[in-house]
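Below: the structure, in C-alpha cells.
Chains as they are written, first to last, in the numbering used here: chain Z, 1 to 918; chain D, 919 to 1072.
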C-alpha cells in the first residue's frame, strides 16, 4: 500500500463523487453531467508518474441562452393561457365544455317569456323576473371572474416582482461564490437554475464573465440586471383592486441598483420608472416572461374579455329594455324617472318617434269634453332645438313633452270641420302655432302648425294663406307649406315651415291663418283663425294657442273655425329634468346632471310610453324611453359593466311591463259621410272676350286674347266657345290642387266637386262677362248641386291596455328571431346585426377564440421549449445508463474496500494465533 | 537466513504491535464514521489512514512471527492481557466496518433498482426547476441512500 495506491484511491473517490452527483441529477431537470477522467503526467526524470482527475461539464452556452429565451416566451404565453382557461371554465357549462353558459342564460330567458301567458298571476310574473335575475347573475359572474383574474394577475405581478428580486439577489451571491471557487463547475447548475428562474419572470440576455459568473441584461432594452458588482431591484406595491377595476390608479414599476456592502444592501441609484402606471400604460421596459404575461393579462387580455362580456350585458340590457320600455305595467304608471343621467344642454341621440298615451287607471284612453285624448307623438327627426345646428337638447325635449301632455290639452281650442257626431269632434279638433324658432332680432318668426286630429276620420289640411296684422305693415307668408295629412287619432306638427317678418317688439301681433280641411268623410271646410303672437309666446317649440280675442280687437275676423262651446281636457302630465335631490333643473347652462321625470297631474291620469312609429312597431324605430331608461327591465351600470334586474321590478313584480297600448276599433257610430259629389253644368251664350273672369270655388280664371302668362289665365280661341272652354278644362285638369274637376259636355262644361258629400253644394261659380255673354242664361252665380251624404257606421279608434295584455312578452319571445344591431367590444369587437342569442354566441365564441389563440400560442412555445429541453437533455444531461454503469463500478470499488477489512481480520487471526494459541 | 537483531525483544514487539493496533482501531473507527455519515469526501483520508496502519499492523505481525520463530513469548507479560482486549476491539470495529460496507453496497444496489423504476415513471417537468430546486423523487431517494452522500441538493 504505497503512494500509487493512495493516489488511485483519491482518484477513485473523485470519480465516485462525480458519479454520485450525476446519479442525483439524472432526473434533475436542466442539470448538466460532469465528466471525470484520469490525467497521468510524468514527475521528475526517473519515470515516475503523478495521476490526477480532470472534471468537465457538458454544456453549450449558446444553446443555453436560446433555452432561457424559450423559457421566457413559454412562461409569458403560459400565464395568459392558464388565466384565460379559468375564464373559459367559468363561462362554459361544467357538464359540457362546448356549451356556453352565457348563451344558455340568454336562451333560457327568452324561452321563459314563451311560458308566461297568464300575466294576471303575480307568481308567473315573478318567475319571469327570476329568470331575468338568473341571466343577470350569469353575466355578472362572468364579469366578476374577469375582475378576479385581473386582480390575480396584478397580485401575481406583485409577488413575481418579489420573487424576481430574490432570484437576482441569490444569483448575485452565487456569482460571488463562483468568483472565489476553485471548482466553479459544481455551482453552474445552481447558476443556470437561477437564470432559468429569472427567465421565467423576464426575458434576459446572459453574458458569462470571470470563472463563469452570470451577467444579465433585460432583453430588448439592455437595462442592466446583474453584474459582478451589483444587481437590480424592482419595486411594485400592487394596484388597489378597487382602483384597478374602476379605471383608477395603477402604480408604476420602478427599478434601482443595489450593491452588497458586506451582508447589507446599499442603494446606488435612485428608483426610475421601468413600467408605466395607469398614466402611461404603453411604457413597458420589462418584456417577456411571466411579468409581461401578467401585465398583458391585467391591461390588455382580460380587459378585452371584460369588454366583450360588458358588450353582451349592454346588448342584452338594450334589447330587453327596448322591448320593456315599449310596454306598460298594468295598472299603468303615474310616474317615470329615467335611469340615465343627462345634462340640460345635452344633445340627446334620440331616434325615430315616441308616443305618449294618456290613459286612466283601467288603461282606457282619457276623455275630455272634446272626446278622447289622442296619442301625443314626437318625431325626433323633425324636432328642432337650441343645440348646435338646431338640434334638440334635453330641455327642448322636456319642454316639448310638457307641451304635448300638458299645455296642448289644457289650452283653449280652435276647431274646424264638424264631423257631426259627438260634441267636440271635428276633423281638426284643435290648431295651434308651434314655434320653429324664436322671433329673431330682425322681427322674423318661423313656425308650423300643431294639429289635433279626431277618432273618426283622417283629413288633409291645406294652408291657404297666412297674414300678420295689424294693417299698415301687413306681411303675407310667401311660401306656404305643402298639404299635410292628419291621421285618425293623431296629434301632430306639420313640420312645414311658415315664415313671417315684421313682428314688433313689446306688443301683440295677430297672425291670421286660413286653411282648408278635407276629411275622409267628405267634409270640406275652409276657415280663418287669428292667433295673438308676441315675443313671450313665440318661442322655439312654444305653442301659441287660440285665445278668445279682446272684444275691442278690430282684427277678430275668424271665419269657419269653432272657438267657443268646445271643452278641453286639463293637463295630463308634466316632464321635468331633476337633479339627484329631486330639484328641477331649468337653467340650460346648468352643469348639474339630472334625470328625466314624467309625472301625471293626478293619480287618475296614467301614462304609457311607446317608442317608434305606431304603424311600424319595430323595436328599433325609436329609442326615447330606452335611451333615458324610463322603464328599464335591466339596469346596466356603465362603470362596472354589470347588469341587474331593476330594483323596483324585483321588489314588486307588478312593475313588470307585460303589455302595450293597442288600437281598438270596436265601437261603431253612425255619422254622415259623402255619398254623391256635387256638380254644376255651365252653358255660355257666346265665346269669351278679353278679361272675362269665371271664379270657381274661389279660384279666379281670366280669359285673355294673348298667350297666358300664369295658371289663372285661359286663352280665348276666338269665335270658338268650345275651344275656349276646352282650354279652361285643360287648365283645371292641370292643377291637382283644385277641389273640383272639369269636363267638356258638348259645347258646355261640367264641374264636379272632388270630394263627395253635401258640403260640395256650397261651392259656387261666379262669372263676370263682357258684352252679351251669359252663364246659364243669367247674370247671377251658379251653385253646385246634387251633393249628398249618407249615414254610415264608422268604427271609432280608441287605445287601451288591459290587465291581460301580453304584447311585451310576445316581443320578448320574438327576440329569438328579431334581428337587432349590437356593438361588440373587446375581443368581440365589431358591429353585428343578429338576434340576441346569436350575439351571445358571437361573444362567447370570441372569448373562446381569445383563449384558443392564447392556448395555441402557448402550445407552440411549450413545444419549442420541449424540443430544446429534450435536445439539451440528450446532449448534456446525466444519462442514467451511463451513470448506472459507473455505479456498478463504484459497487466494485466498495467491494474492494471491503477486502481491507478481510485483511485486517486475517492479520488479526494470525497475531492471535501466534500469541495465544501456541 | 533471516537474522534477528539483538534489539528485538518481546517488549519492543509488543509495544509496536500494541501501537499499530490502537492506530488501526482509530483508523477503522474514522472510516466507520465516514461510512455512517455518508460523507464520501472524507473517505479518502480515513481510508488512507486505515491502509497506513494496516500496513504497520501487518509489519508488526511479520516481526512477531519472526520473533516467534526463534524465541518464545513470556505469557505472563501483562501486556498480553491488554493486547487481548485490543484485538477484541479490532475485531469489533472491523466487523462493524464490514457491515457498513455491505450496507453501502446494498444501498447502491437499491439505488440501481430505484432508478430503473424511476426511469419508467418519469413525470417531472420538461424544463426549469421548482422553487426549491428539488425534484419530486428526492425525499424517497434520501431514505434509501443515507450513507453514500446523496442528497437532493447540489
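Think of the CB as a built atom: it goes at the ideal place given N, C-alpha and C, for glycine as much as any other residue.
Give me the DSSP bridge partner(s) of residue i.
i                      : result
residue 207 of chain Z : Z:215
residue 364 of chain Z : Z:800
residue 574 of chain Z : Z:599
residue 514 of chain Z : Z:465, Z:528
residue 757 of chain Z : Paired residues: none, contrary to the question.
residue 743 of chain Z : Z:750
residue 834 of chain Z : Z:820
residue 266 of chain Z : Z:259
residue 115 of chain Z : According to DSSP, which records beta bridges pairwise, residue 115 of chain Z is partnered with nothing at all.
List the whole-angstrom C-beta distance separating residue i from residue j, where the pair is believed to meet the contact cut-off of C-beta under 8 Å.
i                       : j                      : result
residue 623 of chain Z  : residue 631 of chain Z : With 8 Å as the limit, residue 623 of chain Z and residue 631 of chain Z do not qualify as a contact, their Cβ atoms being about 13 Å apart.
residue 456 of chain Z  : residue 504 of chain Z : Not a contact, Cβ separation roughly 41 Å.
residue 1018 of chain D : residue 954 of chain D : 6 Å
residue 661 of chain Z  : residue 608 of chain Z : 5 Å
residue 302 of chain Z  : residue 146 of chain Z : 5 Å
residue 924 of chain Z  : residue 540 of chain Z : For residue 924 of chain Z there is no data in the structure shown, the boundaries of chain Z being 1 and 918.
residue 604 of chain Z  : residue 396 of chain Z : That pair is no contact at about 29 Å.
residue 323 of chain Z  : residue 812 of chain Z : 5 Å
Measuring only between beta-carbons, confirm whether residue i sits less than 8 Å from chain D.
i                      : result
residue 914 of chain Z : yes
residue 191 of chain Z : no
residue 877 of chain Z : no
residue 122 of chain Z : no
residue 897 of chain Z : yes
residue 908 of chain Z : yes
When you compare the CB of residue i with every CB in chain Z, is at least one pair closer than 8 Å?
i                       : result
residue 928 of chain D  : no
residue 969 of chain D  : yes
residue 997 of chain D  : no
residue 931 of chain D  : no
residue 1009 of chain D : yes
residue 1039 of chain D : Reliability of the predicted coordinates at residue 1039 of chain D is poor, the pLDDT of 49 falling under 50, and the value obtained from them is presented with this limitation in mind. No, residue 1039 of chain D does not count as interfacial toward chain Z.
residue 943 of chain D  : no
residue 954 of chain D  : no
residue 1000 of chain D : no
residue 1012 of chain D : yes
residue 1015 of chain D : yes
residue 1042 of chain D : No answer about residue 1042 of chain D holds up, because its pLDDT of 38 lies below 50 and its placement is not dependable.
Keeping to the same chain, check which residues put their C-beta closer than 6 Å to that of residue i; ignore five residues upstream and five downstream.
i                      : result
residue 722 of chain Z : 747
residue 484 of chain Z : 461, 494
residue 336 of chain Z : 598, 630
residue 710 of chain Z : none
residue 978 of chain D : 934, 935, 938
residue 911 of chain Z : none
residue 387 of chain Z : 347, 393
residue 584 of chain Z : 576, 578
residue 78 of chain Z  : 858
Ordered along the chain, which non-local residues of its own chain (more than five positions away) have a Cβ less than 7 Å from that of residue i?
i                      : result
residue 974 of chain D : 938, 941
residue 758 of chain Z : 787, 788, 789
residue 825 of chain Z : 307, 308, 310, 311
residue 246 of chain Z : 639
residue 905 of chain Z : none
residue 544 of chain Z : 432, 433, 531, 533, 537, 538
residue 520 of chain Z : 457, 458, 459
In chain order, what residues of the same chain have a beta carbon less than 8 Å from the beta carbon of residue i, not counting five sequence neighbours either side?
i                      : result
residue 563 of chain Z : 412, 413, 414, 415, 529, 546, 548
residue 702 of chain Z : 691, 692, 693, 712, 713, 714
At least 3 beta-carbon pairs within less than 8 Å: the stretch 561-579 of chain Z vs the stretch 396-407 of chain Z: These segments touch.
Any 3 or more C-beta pairs closer than 8 Å across the stretch 965-980 of chain D and the stretch 895-902 of chain Z: Yes, since at least three Cβ pairs between the stretch 965-980 of chain D and the stretch 895-902 of chain Z fall closer than 8 Å, the two stretches touch.
Interfacial residues, the stretch 963-989 of chain D to chain A, with Cβ spacing under 7 Å: Given the protein chain composition of this structure (Z and D), no chain A is represented.
Cβ pair count under 8 Å reaching 3, the stretch 176-191 of chain Z against the stretch 323-339 of chain Z: Short answer: they don't touch.
Three or more C-beta pairs below 8 Å linking the stretch 25-36 of chain Z and the stretch 822-836 of chain Z: The stretch 25-36 of chain Z vs the stretch 822-836 of chain Z: no contact.
Validate contact between the stretch 222-233 of chain Z and the stretch 255-273 of chain Z using beta carbons, cut 8 Å, 3 pairs: Of all C-beta pairs linking the stretch 222-233 of chain Z to the stretch 255-273 of chain Z, three or more are shorter than 8 Å, placing the two stretches in contact.
The stretch 183-195 of chain Z contacting the stretch 312-328 of chain Z, beta-carbon criterion three pairs below 8 Å: The stretch 183-195 of chain Z vs the stretch 312-328 of chain Z: no contact.
Sufficient close CB pairs (3 or more, under 8 Å) joining the stretch 277-284 of chain Z to the stretch 257-266 of chain Z: Judged by Cβ distances under 8 Å, the stretch 277-284 of chain Z makes no contact with the stretch 257-266 of chain Z, as fewer than three pairs qualify.
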